[in-house]
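As structure tokens, the structure follows; a few thoughts come after it.
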Amino acid sequence: MLPTIHNGDQLLVDFSKKEVKNNKVYLVQNGDSVWVKRVKIEWDGVELISDNKEEYRPIRISADEAQNLQIIGQVVHIGHSLI
């Protein structure tokens, strides 16, 4: 799948949307790492998925480690520069 977000894109993040709905795109923090990924809740943890699967493999986070995962907000809009 091609990337949804390209280098230089501007993201609009709704900081009020912190409740995860499967396969929506979120700004996520875990310790010093911050990602923009699709979030999939599973029975044994969380999977952070990139649309650009050829470049980035899914990140699996166990249920215990997911306690430290912070959903900063949901990405609701992506803007591309015309220049």
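Position 46 of the sequence shown, counting from 1, maps to 46 under the UniProt record's numbering, and the rest follow consecutively.
The beta carbon of each residue, even a glycine, is placed where N, CA and C say it ideally should be.
Please read all numbers here as calculations on a predicted model, not as lab measurements.
Item                                                                                                  : Value
Rounded C-alpha distance that separates GLU19 from LEU48                                              : 15 Å
Cβ neighbours of ASN52 in the same chain (closer than 6 Å, five flanking residues each side left out) : PRO3
Where GLU65 falls: helix, strand or coil (DSSP)                                                       : helix
Spatial distance of VAL34 from LEU82 (CA atoms)                                                       : 27 Å
From GLN29, ILE61, ILE41 and ARG60, residue whose alpha carbon lies closest to that of GLY73          : GLN29
C-alpha distance - ASP9 paired with ASN22, whole-angstrom precision                                   : 23 Å
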